[in-house]
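Asks:
There are 2 protein chains.
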Amino acid sequence: MAFEFERLEKDSLCAARLGILHTAHGTVKTPCFMPVGTLGTVKALSPDDIRECGAEIILGNTYHLFLRPGHELIGSFGGLHNFMGWNGPILTDSGGFQVFSLAQMCKIEESGALFRSHVDGTLHSLTPELAISIQEALGSDIMMCLDVCAAYPSGEPVIKAALERTTRWSKRCKEARKREELALFGIIQGGMYPHLRSQSAYELLELELNGYAIGGLSVGEPSEMMYELVEHIAPLVPRHYPLYLMGVGTPEDIVECVYRGVDMFDCVMPSRNARNGLLFTQRGKLVIKNARYADDHAPIDQECGCYTCRHFSRAYLRHLFQARELLVYRLLTIHNVFYYQSLMSQIRTAISDGNFLTFRQEFYNKRREI
Amino acid sequence: MAFEFERLEKDSLCAARLGILHTAHGTVKTPCFMPVGTLGTVKALSPDDIRECGAEIILGNTYHLFLRPGHELIGSFGGLHNFMGWNGPILTDSGGFQVFSLAQMCKIEESGALFRSHVDGTLHSLTPELAISIQEALGSDIMMCLDVCAAYPSGEPVIKAALERTTRWSKRCKEARKREELALFGIIQGGMYPHLRSQSAYELLELELNGYAIGGLSVGEPSEMMYELVEHIAPLVPRHYPLYLMGVGTPEDIVECVYRGVDMFDCVMPSRNARNGLLFTQRGKLVIKNARYADDHAPIDQECGCYTCRHFSRAYLRHLFQARELLVYRLLTIHNVFYYQSLMSQIRTAISDGNFLTFRQEFYNKRREI
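If you read the protein sequences in the order shown, they are chains A and E. Letter by letter, the first sequence follows residues 1 to 370 of this note's numbering. Letter by letter, the second sequence follows residues 1 to 370 of this note's numbering.
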């Protein structure tokens, strides 16, 4: 089955919109949030947990899976779905961001990125062709073109060179692709320069890929700058393409960027914060280790319907967290991932009901109640 | 509802026997194995996981829960069942063994045990009365009398003094007890001396408690010595009392001690070994980190019906284990706890079918096949 982005309603007062991604492993309602499953597991969750949290699609990291356990091994299982026991859609990143941010050493040449593994120091070369080969072995429903992520902040010449190389690498990715049933998205670069973002978008749109992502944001810039850039970029991408904002973000970021026309998000925030005891609620954040919760019989969030909130008190969760009991990392991750999925569900309902702006206002009002 | 031990079949060729424990939180088929939930959680498992592994009863540690989060807090939840979300029966140990083995300092007097917490060094006194008070606050379906655990090896005078103090403390426990619906078991001490074991058993039987446990075994002595002592002690306890062998043990230990008349077991072995990547199978142990499993598509055990074996390969589990992914500790614990419960179920079926000796022989034959 070929990949398709089905467009549904669009809000009449802003750029928020509904859609459905049709993939080889089923459909995904958009706007969607993809929990991050770096090494073939959304940390602490089983595939059943992920599904019960309401997630329809997850993200896998090409860089991490290439190094451990290797894409050939995963390929021998028929792909990442079988290997990890998740039968829903999977999007994999290109490995570009991790090569630049995690590897011990990274040298970019026109052919590709030469880097040393952060795990064992071994030397590897990630080319656009290899990035596709890895992702096809993983069987990703949505693959990403290898991109060049310049550091933030960087000057205009550096950013321009990076985006132009990203265009050339994206062309090579498209040419290297063998499995047409797996979607291929391009990544718009251009740093914090609107005109370079425009250049990147136009160049990549010429390649007629299956969708487009905004890369190189949420890298340390102020939120307002990110929102302005999304507002600049989103209208450049024709509406029949899904638009994916990579590595974003907080609940506020998601509401603001849905408002500006983004369809897809991913971030380690719900799962990583959970492991650090930082929990999301409709009324803001809750730090479970705080002494005030020591004898608190209430669930994390009275209004939450997740497994954790239906069964356990703050006092119990705090006790487990203080004792570093393994169970707590799963229970808190379930809550945070459920919170994000619930947020996306509320967003979709609001768009469908034609009152996204009201929803957005109420979203902020609730957070001010604490 | 009062505690009751219902006797069912007994094997005609050995001391193996079937029974049912009736408790305030439901029934437990014996012989049974109790997974250990030290701090209000069987490490890495949710209550649903425990149930799905087939366990009907779990063990909580009085010493640990007294120190963290405290029995008053748990009492404010109506007990440990509500606090941790497990609605099945719970047995709690007396705290005696942990005071002697874990505390930073421990001084035994006739009144009780003075000790320093291994968590924060605070000074505490555990008396027989407090041990009961804690266990009643926890709402344990089966409470244990506070016992004195002498070190192994110890000379006869030390062991004799310890068992006699255990008798006096057990009397005080019985007198301190307020909640008659919660069962109270005595712990037979006496070290490796059969005549002292007899003395302890006779003294404690006079108290007419709800059941009896064998303490002070599996403390470093050879297996054969343990089996001989169990063989000596079991016939001393009238058959209408359930007999519980504390802290035991390996699958072999369980088969051998069921053979000699034991009804109840507990041990950290399945869960602790799982966290170290050591797995139980019908054909012996499997070390998941071994390189030979790196590309092994088979489950841990082809004949196992646990969640982990139904969904994941050795290669995937090894990958997660090498990457120290949190999910793996849960998946491996599920397998090992399920293995133990499955072993108990097979044991019960064999006794019921009147062929426990055949089962025992096949149990060993299978393990020799590797």
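Idealized CB from N, CA, C, for every residue including glycine.
Taking the DSSP output, what are the residues bridged to PHE338 of chain E?
Replies: On the second sequence, residue 338 of chain E is found 338 positions in, with the first residue counted as 1. Answer is none; PHE338 of chain E lacks a bridge partner.
Asks: Using a Cβ-Cβ cut-off of 9 Å, state whether HIS311 of chain A counts as contacting chain E.
Replies: Translated into the one-based positions of the first sequence, residue 311 of chain A becomes position 311. So, interface residue.
Asks: Could you tell me if THR127 of chain E is buried or exposed, where buried requires 16 or more neighbouring beta carbons within 10 angstroms of its beta carbon?
Replies: Reading the second sequence from its first residue, position 127 is the one you call residue 127 of chain E. THR127 of chain E comes out buried.
Asks: Tell me TYR244 of chain E's beta-bridge partners as DSSP assigns them.
Replies: Counting from one through the second sequence, the residue named residue 244 of chain E turns up at place 244. For TYR244 of chain E, which the question treats as bridged, DSSP gives the partners E:ALA213 and E:MET264.
Asks: Quick check on DSSP: helix, strand or coil for ARG310 of chain A?
Replies: Taking the first residue of the first sequence as 1, we reach residue 310 of chain A at position 310. Three-state result, ARG310 of chain A: helix.
Asks: What runs of the beta strand (DSSP E), each 3 residues or longer, lie entirely inside the segment 186–240 of chain E?
Replies: As far as the segment 186–240 of chain E is concerned, its whole beta strand (DSSP E) runs of at least 3 residues are 211–214.
Asks: Assuming LEU209 of chain A and LEU184 of chain A make a contact with CB atoms under 8 Å, what is their CB distance in whole Å?
Replies: For the purposes of this step, residue 209 of chain A is taken as residue 209 along the first sequence, with counting starting at 1. For the purposes of this step, residue 184 of chain A is taken as residue 184 along the first sequence, with counting starting at 1. With 8 Å as the limit, LEU209 of chain A and LEU184 of chain A qualify as a contact, their Cβ atoms being about 5 Å apart.
Asks: Note the first and the last residue of the continuous beta strand (DSSP E) segment covering PHE33 of chain A.
Replies: Taking the first residue of the first sequence as 1, we reach residue 33 of chain A at position 33. First-last of the beta strand (DSSP E) with PHE33 of chain A: 32–37.
Asks: Which parts of the segment 125–199 of chain A are runs of the beta strand (DSSP E), unbroken and 3 residues or longer, counting only runs that do not cross its ends?
Replies: Entirely contained in the segment 125–199 of chain A, the beta strand (DSSP E) runs reaching 3 residues are, in chain order, 142–144 and 183–188.
Asks: So, is LEU13 of chain A buried or exposed, given that buried needs 16 or more other C-beta atoms within 10 angstroms?
Replies: In the first sequence, residue 13 of chain A corresponds to position 13, counting from 1. Counting Cβ neighbours within 10 Å, LEU13 of chain A comes out exposed, since fewer than 16 surround it.
Asks: Taking a Cβ distance cut-off of 8 Å, strictly less, list which residues of the segment 116–140 of chain A are near chain E, in chain order.
Replies: For the segment 116–140 of chain A, which is checked against every Cβ of chain E, not one residue is closer than 8 Å.
Asks: Check the Cβ of LYS43 of chain A against every Cβ in chain E and list those closer than 8 Å, keeping chain order.
Replies: Counted from its first residue, the first sequence places residue 43 of chain A at position 43. The contacting residues are GLU325, LEU326 and LEU327.
Asks: Does the Cβ-Cβ distance between PRO153 of chain E and MET105 of chain E come in under 9 Å?
Replies: Locating residue 153 of chain E in the second sequence gives position 153, where the first residue counts as 1. Locating residue 105 of chain E in the second sequence gives position 105, where the first residue counts as 1. The answer is no: Cβ separation not under 9 Å.
Asks: How long is the line joining the alpha carbons of SER200 of chain A and GLN282 of chain A, rounded to whole angstroms?
Replies: In the first sequence, the residue the question calls residue 200 of chain A occupies position 200. In the first sequence, the residue the question calls residue 282 of chain A occupies position 282. Cα to Cα, the separation comes out at about 37 Å.
Asks: For ALA150 of chain E versus TYR329 of chain E, is the C-beta spacing smaller than 9 Å?
Replies: As a first step, residue 150 of chain E must be located in the second sequence, where it is residue number 150. As a first step, residue 329 of chain E must be located in the second sequence, where it is residue number 329. No, the pair does not count as a contact, with Cβ atoms beyond the cut-off.
Asks: Start and end of the beta strand (DSSP E) containing LEU286 of chain E?
Replies: The residue labelled residue 286 of chain E in the question sits at position 286 within the second sequence. Segment 284–287, the beta strand (DSSP E) holding LEU286 of chain E.
Asks: List the residues of chain A that ASP295 of chain E touches, going by C-beta distances under 8 Å, in chain order.
Replies: One-based indexing of the second sequence puts residue 295 of chain E at position 295. By Cβ distance, chain A contributes LEU73 and SER76.
Asks: If you check the beta carbons only, do LEU39 of chain E and HIS319 of chain A fall under 9 Å apart?
Replies: Mapped onto the second sequence, residue 39 of chain E falls at position 39. Mapped onto the first sequence, residue 319 of chain A falls at position 319. Yes, the Cβ-Cβ distance between LEU39 of chain E and HIS319 of chain A is below 9 Å.
Asks: Are the C-beta atoms of PHE83 of chain A and some chain E residue less than 9 Å apart?
Replies: On the first sequence, position 83 is the one that residue 83 of chain A refers to. Output row for PHE83 of chain A: interface = yes.
Asks: Anyone know if the C-beta pair for VAL337 of chain E and VAL42 of chain E falls short of 9 Å?
Replies: The residue you call residue 337 of chain E lines up with position 337 of the second sequence. The residue you call residue 42 of chain E lines up with position 42 of the second sequence. Taking 9 Å as the Cβ cut-off, VAL337 of chain E and VAL42 of chain E qualify as a contacting pair.
Asks: ALA16 of chain A and VAL230 of chain A - do their beta-carbons sit closer together than 9 Å?
Replies: On the first sequence, position 230 is the one that residue 230 of chain A refers to. On the first sequence, position 16 is the one that residue 16 of chain A refers to. Going by C-beta atoms, VAL230 of chain A is not nearer than 9 Å to ALA16 of chain A.
Asks: Alpha helix (DSSP H) containing ILE108 of chain E: first to last residue?
Replies: As a working mapping, residue 108 of chain E is identified with position 108 in the second sequence. Where ILE108 of chain E is concerned, there is no enclosing alpha helix (DSSP H), although the beta strand (DSSP E) it sits in stretches over 105–108.
Asks: Nearest chain E C-beta to GLN104 of chain A closer than 9 Å, yes or no?
Replies: Along the first sequence, one-based indexing puts residue 104 of chain A at 104. Not closer than 9 Å to any Cβ of chain E, the Cβ of GLN104 of chain A fails to qualify, so no.
Asks: At the 9 Å Cβ level, is GLY396 of chain A part of the contact set with chain E, yes or no?
Replies: Within the shown structure, residues of chain A are numbered from 1 to 370, placing residue 396 of chain A beyond reach of any answer.
Asks: Please classify MET144 of chain A as buried or exposed, where buried requires at least 16 neighbouring CB atoms within 10 angstroms.
Replies: The residue given as residue 144 of chain A occupies position 144 in the first sequence. So MET144 of chain A ends up on the buried side.
Asks: DSSP three-state call for PHE97 of chain E: helix, strand or coil?
Replies: On the second sequence, residue 97 of chain E is found 97 positions in, with the first residue counted as 1. Of the three classes helix, strand and coil, the one that applies to PHE97 of chain E here is helix, per DSSP.
Asks: What residues in its chain sit with their C-beta under 7 Å from that of PHE66 of chain E, if we drop five residues either side in the sequence?
Replies: Residue numbering aside, residue 66 of chain E sits at position 66 when the second sequence is read from its first letter. The residues are GLY95 and ILE134.
Asks: Measuring only between beta-carbons, confirm whether ASP346 of chain E sits less than 9 Å from chain A.
Replies: Here residue 346 of chain E refers to the residue found at position 346 of the second sequence. As written in the sequence, residue 346 of chain E is Gln, which differs from the Asp given in the question. It does not; no Cβ of chain A falls within 9 Å.
Asks: Are the CB atoms of GLY215 of chain A and ILE187 of chain A nearer to each other than 9 Å?
Replies: Counting from one through the first sequence, the residue named residue 215 of chain A turns up at place 215. Counting from one through the first sequence, the residue named residue 187 of chain A turns up at place 187. Taking 9 Å as the Cβ cut-off, GLY215 of chain A and ILE187 of chain A qualify as a contacting pair.
Asks: From LEU21 of chain A to LEU80 of chain A, what does the alpha carbon distance come to, in whole angstroms?
Replies: Stepping through the first sequence from its first residue, residue 21 of chain A is reached at position 21. Stepping through the first sequence from its first residue, residue 80 of chain A is reached at position 80. Cα-Cα distance, rounded: 19 Å.
Asks: With a cut-off of 9 Å, does the C-beta of SER46 of chain E fall near any C-beta of chain A?
Replies: Translated into the one-based positions of the second sequence, residue 46 of chain E becomes position 46. True, the Cβ-Cβ gap to chain A drops below 9 Å.
Asks: Contact check, ASP141 of chain A vs LEU91 of chain A under 8 Å by CB: the rounded distance?
Replies: As a working note, residue 141 of chain A is residue 141 in the first sequence. As a working note, residue 91 of chain A is residue 91 in the first sequence. Contact holds; Cβ gap of about 7 Å.
Asks: Taking C-alpha atoms, which residue in A:SER198, A:ASP253 and A:LYS107 lies nearest to PRO222 of chain A?
Replies: Mapped onto the first sequence, residue 222 of chain A falls at position 222. Checked all of A:SER198, A:ASP253 and A:LYS107; the closest Cα to PRO222 of chain A is A:ASP253.
Asks: Using the Cα positions of ALA298 of chain E and CYS304 of chain E, report the straight-line distance between them to the nearest angstrom.
Replies: Counted from its first residue, the second sequence places residue 298 of chain E at position 298. Counted from its first residue, the second sequence places residue 304 of chain E at position 304. So the two alpha carbons sit approximately 11 Å from each other.
Asks: So with Cβ pairs under 9 Å, would you call TYR63 of chain A a contact of chain E?
Replies: Translated into positions along the first sequence, residue 63 of chain A becomes position 63. Output row for TYR63 of chain A: interface = no.
Asks: With which residues is LYS29 of chain A paired in a DSSP beta bridge?
Replies: Start at 1 with the first residue of the first sequence, and residue 29 of chain A comes out as number 29. LYS29 of chain A pairs with A:ILE20.
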